[in-house]
Amino acid sequence: MAILGKIRSQGLILILVIALALFAFIIQGLLTSNGAAKASSLGSVGSTEIDREAFGRRVEATMQQRGAGTSTVQAVNSVWDAEVRDAVLNMQINEAGIEVSDEAVKNQVKSMYANAPIFLDENGQFSEIKMNTFVADLKNNQPERYQLWLQDVENAADQSKQTQFFNLLKSGIIGTQAAGEMEYRLANDNRSFTFVNIPYTSIADTEVEISKSEISSYIAKNESKFKSDAQRDIQYVVFEDKASEADKAKMKADMTKLLSSYEEFNENTNRTETYPGLDKVEDVETFVNSESDVPYDGSYLLTSKLPATAKAIAALEEGATYGPYEDAAYMKISRLEDKKTIMDSVQTKHILVAYAGATRSASTRSKEDAKKVADSIFATIGQSNSKFNTKWDYFNENTEIAKGEDIGWVVYSGNARNFAPGFTKFLFENDKGSVGISESSFGYHIIHIQDTKAPTEAVKIATIAKKVDASKATGKQLFTDAQKFQQGAADKDFTEVAKEFTLDVKPVKNLKAMDENLPGLQRNRSIVQWAFKEGTDIGDTERFETPEGYVIVQLTRKAEAGLMSAEEASATVTPILRNKKKAKMIMDQITATEVNDIASAQGLNARAATAVNRKSPTIPGVGEEPKVVGTAFGLAEGETSKPIAGEKGVFVVKVTAIENAPDLGSYKADANEVASRTANQATSKLVEALKKSIEITDNRSTFY
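For the sequence shown, the positions run 14 to 717 when the numbering used here is used.
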């Protein structure tokens with residue numbers, strides 16, 4: 014009440030404060046009137062804005078289509094490329110006035126969904142009726158998904174227009190008689206020559222200096238080759254989130270207790286109780302599942318596949334226990350349940366009887382009916398190999414009721430993991446020649462084991478596995494150490510602080526704004542976004558919590574979009590300029606004019622190249638040398654060239670034979686080849702040219 018009275022007594026002041034706050038809010042809105050538009054725009058292609066919400070829906074749909082292996086950034090990049098491509102093409106399409114009929118769009122939609130299981134009839138064929146029913150249901154009952162469908166239809170219309178546009182483009186591309194003859198000559202005219210190659214490697218790199226100004230000058234003359242996106246360099250250390258030796262020792266002690274029965278006071282019952290151990294427990298599966306982070310696996314493991322820390326299990330007696338031992342990220346104890354010899358490789362055929370709902374099945378029959386069919390087929394076969402082969406041959410040709418398939422060799426230690434467990438269980442638990450029925454997610458299999466090989470010892474082991482994680486105390490210490498490092502790196506040299514903590518510094522160079530993978534770390538967009546964030550300066554550090562532990566990152570370089578600096582381009586430009594200087598140095602040494610004399614003076618042997626053409630300008634023992642081969646084609650027979658600066662060294666060639674292909678009455682076939690190749694390249698080259706000719710604003714890294 015006292016507070017309320019105080020507010021009333023200062024009502025005028027309060028009103029003024031509120032008014033000023035509202036005024037400031039309104040002014041801010043006016044000053045940033047384009048703020049909302051900018052926030053909703055992921056970027057633009059010319060005058061076409063790319064809406065963030067619509068873009069996000071496409072990204073989500075792309076990730077659903079591609080599955081769990083696709084990261085958000087991969088989907089974002091894919092959708093962005095498609096959006097930019099569509100935008101630049103649609104500008105051209107609209108200018109050209111290209112339209113498509115409803116029928117063309119309908120056909121495009123049908124082709125997009127031709128293999129969608131939901132639209133297939135009982136014969137596995139696309140059903141327009143099923144598609145129309147599905148769309149009607151979306152419209153009436155699932156409005157959000159219906160909007161996505163309409164987007165697909167719009168995309169289909171765009172695709173149809175683009176197809177028509179590209180067809181028009183390709184129709185204007187022809188191969189002339191002159192182009193056809195040139196194609197023919199490039200491939201079929203040959204030259205043979207002797208040559209000497211003085212390689213650039215004959216001069217040590219240390220003998221040739223390349224200055225920063227020379228690199229800068231080269232960049233200025235070749236700007237188009239050295240345009241770069243914005244880049245960042247970072248360095249980082251990792252405080253690994255892993256168990257300490259003390260944590261492991263405690264875990265080993267806890268797991269050792271599970272090996273055999275033990276007594277322990279139970280606070281709930283207020284008495285000492287006896288608990289079973291892995292060595293004597295009768296219901297092994299239940300016991301393992303109650304104690305282990307990894308479920309019980311009753312399958313057999315080849316002894317050759319036992320982990321290095323548990324090879325001794327193969328020598329145990331049945332019922333004996335082993336451990337604790339470390340295996341990858343787990344601490345384990347095991348009990349040997351059984352030993353036996355299995356065939357590592359089994360050759361098999363089967364007759365599959367599928368049903369509605371089974372994996373990859375187009376069948377409409379029920380599971381019960383499928384079981385009856387499988388039992389009926391098996392009853393006529395029994396254990397007869399010949400009867401199985403007869404039935405298999407029939408169902409291999411006539412697949413309406415069942416399907417005969419030759420599976421080939423299934424390897425226990427190899428491709429068996431690619432087959433359904435119900436199927437492989439029969440293979441590796443039965444002998445050569447056996448016939449039987451097995452059920453899997455694909456349906457009912459009548460299986461015949463044709464052959465077996467590679468008998469191998471295998472063991473069945475019950476294993477309790479617990480993830481080796483850091484304790485709370487270890488995690489707390491890790492956090493403290495990471496904080497201390499970050500504080501130290503703020504004032505001292507990052508590398509020196511790392512030495513104090515005995516940590517390795519890992520540099521990462523040339524990060525781009527949409528990168529997500531960092532060497533030594535899993536995907537981590539947050540680190541990249543921080544490096545590119547406005548306000549992050551060279552020398553700044555930041556701590557990130559990652560699956561690997563705490564990562565302390567320092568920004569070491571910032572480079573904005575534009576021409577590369579001399580330092581950035583050095584790795585590319587230096588070898589080019591160095592070879593140019595070496596070429597001049599080598600040429601200055603050449604005083605002779607004959608190939609053999611030059612070779613002798615250089616301590617080399619003259620070599621021969623036979624029937625070399627310009628389409629594949631490869632010199633035997635050297636590699637591709639288009640400039641050298643081109644020079645040879647400009648010489649008369651017996652003529653020797655001046656020194657040529659090639660790709661791998663300085664060359665001098667002497668033409669020994671000119672072999673021109675005979676003239677043809679028509680070069681139409683070659684002209685058509687030129688036209689076809691040009692047309693196939695035209696679409697991608699056009700899109701790239703259009704992208705270069707228009708202003709593109711890319712804000713992806715702000716949102717993803």
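Just so you know, even glycine gets a beta-carbon here, dropped at the ideal spot from N, CA and C.
*asked:* Restricting to Cα atoms, I'd like to know which of 672, 643, 674 is closest to residue 659.
replied: Within the sequence shown, numbered from 1, the residue matching residue 659 stands at position 646. Cα-wise, what sits closest to residue 659 is 643.
*Which ranges does the beta strand (DSSP E) cover as unbroken runs of at least 3 residues, wholly within the stretch 492-535, from first to last along the chain?*
519-525
_Closest to residue 421 by C-alpha separation, out of 462, 101, 294, would be which residue?_
By 1-based counting over the sequence shown, the position of residue 421 is 408. The closest CA to that of residue 421, considering only 462, 101, 294, is found on 462.
*Near residue 113, which residues of its chain fall below 7 Å by C-beta distance, leaving aside the five closest residues on each side in sequence?*
Walking along the sequence shown from the start, residue 113 turns up at place 100. Only 170, 173, 174, 177 meet the Cβ criterion.
*asked:* Checking the sheet assignment: what are the DSSP bridge partners for residue 64?
replied: The sequence position of residue 64 within the sequence shown is 51, counting from 1. Residue 64 is bridged to 54.
*Between the stretch 186-202 and the stretch 625-635, do three or more beta carbon pairs fall short of 8 Å?*
yes
_Residue of 529, 465, 147 minimising C-alpha distance to residue 354_ = Against the sequence shown, residue 354 aligns to sequence position 341. Considering only alpha carbons, the answer is 465.
*Going by beta carbon distance, what residues of the same chain come within less than 7 Å of residue 449, once the five residues before and after it are set aside?*
To locate residue 449, count along the sequence shown from 1; it is residue 436. For residue 449, where only same-chain residues beyond five positions count, the Cβ hits under 7 Å are 439, 443, 460.
*On a CA-only basis, which of 573, 184, 633, 701 is nearest residue 243? Give me that one, please.*
Along the sequence shown, read from residue 1 onward, the residue named residue 243 stands at position 230. Measuring from the Cα of residue 243, the nearest candidate turns out to be 573.
*In terms of residues, what are the limits of the alpha helix (DSSP H) holding residue 358?*
Translated into positions along the sequence shown, residue 358 becomes position 345. Taken as a continuous stretch (DSSP letters only), residue 358 belongs to no alpha helix (DSSP H), being part of the beta strand (DSSP E) at 343-366.
*Boundaries (first-last residue) of the beta strand (DSSP E) holding residue 453*: Within the sequence shown, residue 453 is the residue found at index 440, counting from 1. Element bounds for residue 453: 448-453.
*Identify, in the order they occur along the chain, each residue of the same chain with its Cβ nearer than 6 Å to the Cβ of residue 241, setting aside the five sequence neighbours on each side.*
Position 228 of the sequence shown, counted from the start, is the residue given in the question as residue 241. In chain order, 577 place their CB closer than 6 Å to the CB of residue 241, counting only its own chain and leaving out the 5 sequence neighbours on each side.
_Alpha-carbon to alpha-carbon, residue 98 and residue 697_ = Residue numbering aside, residue 697 sits at position 684 when the sequence shown is read from its first letter. Residue numbering aside, residue 98 sits at position 85 when the sequence shown is read from its first letter. Their backbone Cα atoms lie some 10 Å apart in a straight line.
*Identify whether residue 105 lies in helix, strand or coil by the three-state DSSP scheme.*
One-based indexing of the sequence shown puts residue 105 at position 92. If DSSP states are grouped into helix, strand and coil, residue 105 belongs with the helices.
*Shortest alpha-carbon distance to residue 714 belongs to which of 86, 66, 496, 423?*
Residue numbering aside, residue 714 sits at position 701 when the sequence shown is read from its first letter. Out of 86, 66, 496, 423, 86 has the C-alpha closest to the C-alpha of residue 714.
*Consider the C-beta atom of residue 328 and the heavy atoms of the ligand SAM; say whether any pair is separated by less than 6 Å.*
Absence of the ligand SAM is noted for the structure shown, with no ligands found whatsoever.
*Beta bridge counterpart(s) of residue 634 as assigned by DSSP*: Your numbering for residue 634 matches position 621 in the sequence shown. DSSP lists no partner for residue 634.
*Is residue 357 closer than 7 Å to residue 425 when the C-beta atoms are compared?*
As a working note, residue 425 is residue 412 in the sequence shown. As a working note, residue 357 is residue 344 in the sequence shown. Yes, they are a contact pair.
*When DSSP builds the beta bridges, which residues end up paired with residue 436?*
If you number the sequence shown from 1, residue 436 lands on position 423. DSSP, once it has assigned bridges, lists no residue as partnering residue 436.
*Would you give the residue range spanned by the alpha helix (DSSP H) that residue 654 belongs to?*
Along the sequence shown, read from residue 1 onward, the residue named residue 654 stands at position 641. Segment: none, residue 654 is in no alpha helix (DSSP H) and carries neither H nor E.
*Counting only runs that start and end within the stretch 186-224, where is the alpha helix (DSSP H) found for 4 or more residues in a row?*
190-201
*Using 8 Å as the threshold, is the stretch 208-215 in touch with the stretch 552-569, meaning 3 or more CB pairs across them?*
no
*With a CB to CB cut of under 7 Å and the five nearest residues on each side skipped, what residues in its chain are close to residue 117?*
Taking the sequence shown and counting its residues from 1, the one referred to as residue 117 is at position 104. Excluding residues within five positions, the ones whose Cβ falls inside 7 Å are 173.
*asked:* Is the separation between the beta-carbon of residue 192 and that of residue 684 shorter than 7 Å?
replied: Translated into positions along the sequence shown, residue 192 becomes position 179. Translated into positions along the sequence shown, residue 684 becomes position 671. Yes, these two residues count as a Cβ contact at 7 Å.
_In this structure, how does DSSP classify residue 615 when only helix, strand and coil are distinguished?_
Residue mapping note: residue 615 aligns to position 602 of the sequence shown, counting from 1. DSSP places residue 615 in coil when its eight states are reduced to three.
*Take the Cβ of residue 408 as the centre, count every other Cβ of all protein chains shown within 10 Å, and call the residue buried at 16 or more, exposed below.*
Within the sequence shown, numbered from 1, the residue matching residue 408 stands at position 395. Residue 408 should be labelled buried.
*Just grab the DSSP bridge partners of residue 253 for me.*
By 1-based counting over the sequence shown, the position of residue 253 is 240. Looking at the DSSP assignment, residue 253 forms a beta bridge with 562.
_Cβ contact (3+ pairs, closer than 8 Å) linking the stretch 250-259 and the stretch 478-488_ = yes
*Verify whether the separation of the beta carbon atoms of residue 89 and residue 680 is less than 7 Å.*
In the sequence shown, residue 89 corresponds to position 76, counting from 1. In the sequence shown, residue 680 corresponds to position 667, counting from 1. Against a cut-off of 7 Å, the Cβ pair of residue 680 and residue 89 comes out as no contact.
_Inter-residue CB distance, residue 654 and residue 666 (contact presumed, cutoff 8 Å)_ = Position 641 of the sequence shown, counted from the first residue, corresponds to residue 654. Position 653 of the sequence shown, counted from the first residue, corresponds to residue 666. Indeed, because the Cβ distance is near 5 Å, the residues count as touching under 8 Å.
*asked:* Considering just the uninterrupted stretch of the alpha helix (DSSP H) at residue 156, what are its terminal residues?
replied: If you number the sequence shown from 1, residue 156 lands on position 143. Start and end: 156-184.
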